[in-house]
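> Numbering (this note's numbering), first residue to last: 52 to 345.
No residue lacks a Cβ here, since even glycine has one placed at the ideal position from N, Cα and C.
#1: CB residue 324 to CB residue 169, shorter than 7 angstroms?
#2: Inspect the CB distances between the segment 52-62 and the segment 116-125 and report whether three or more fall short of 8 angstroms.
#3: If you follow the beta strand (DSSP E) that residue 227 is part of, which residue opens it and which one closes it?
#4: Where does the unbroken alpha helix (DSSP H) through residue 161 begin, and where does it stop?
#5: In three-state DSSP terms, what is residue 263?
#6: Contact check, residue 308 vs residue 246 under 8 angstroms by CB: the rounded distance?
#7: With residue 79 as the anchor, note down where its alpha helix (DSSP H) starts and where it stops.
#8: Label residue 182 either buried or exposed according to how many other C-beta atoms from any shown protein chain fall within 10 Å of its C-beta, with 16 as the threshold for buried.
#9: Using 8 angstroms as the threshold, is the segment 222-242 in touch with the segment 130-144, meaning 3 or more CB pairs across them?
#10: Alpha carbon to alpha carbon, how far is residue 185 from residue 319? Give it in angstroms, no decimals.
#11: Give the C-beta separation of residue 124 and residue 97 to the nearest angstrom, bearing in mind that I take them to be a contact with Cβ-Cβ under 8 angstroms.
#12: So what's residue 119 in DSSP terms, helix, strand or just coil?
#13: Using the three-state DSSP reduction, which class does residue 284 fall into: helix, strand or coil?
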């Protein structure tokens, strides 16, 4: 009989996953498995739990939540050196990494990947002493995830982020940054940068078409300073799912980046508040095991 750990966020997204717990238990039992569930109550309770399960010898860990919950679990696993495959049941407002690896909100499909037992090694990013699985960013829109009202997110989903972000536009000013990427240097005024592992951010699938989660590289997207009408045109392209080709956009791939700013600026890691700039960012190649669909 295989042993699985389930960590779930009861308030993620529409907060409906908790009503399907019995369905999860039944599926795993029918598949000759047993599950130990853990309900997150606050951000700091995940790492102590991860530390306690090290001796269980579990065959896999299942996470149900959004990108932030997955971020917290992955960081706890890597810091505590828990080396077991991870499966994701996406139940948050945005589920970017799970979308990239083809996990959707079909519960049976997600669980079949776990019980199927096939997994792959994927890269993670490291920022200073913290890890990210999908994206590190700063600038316009990156603080939105921390300020959007939870009830609004649960009502209108990821549109809540867009509404909040559009409201920031008239008052946002550019940042002067210096970015060193594998020896290349960019120095200038920007509105936003994204350092991506999967290439899907905010449910937009075309921000980095060349991105791969096992290529040993991270994909950098910079939006240079531009006028609000020009920026709105870029957003329209984003909303329509088109890859952006613009003089205001810079794309490149790198293994290591160092990002400095003239002023203290918060970063965002997978939807969670990250450290202040400067950021030393690197790729940790094939660091994490992730279940994959048969």
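Inspection of the coordinates gives the following:
#1: no
#2: yes
#3: 226-232
#4: 158-167
#5: coil
#6: 6 angstroms
#7: 72-81
#8: buried
#9: no
#10: 11 angstroms
#11: 6 angstroms
#12: helix
#13: helix
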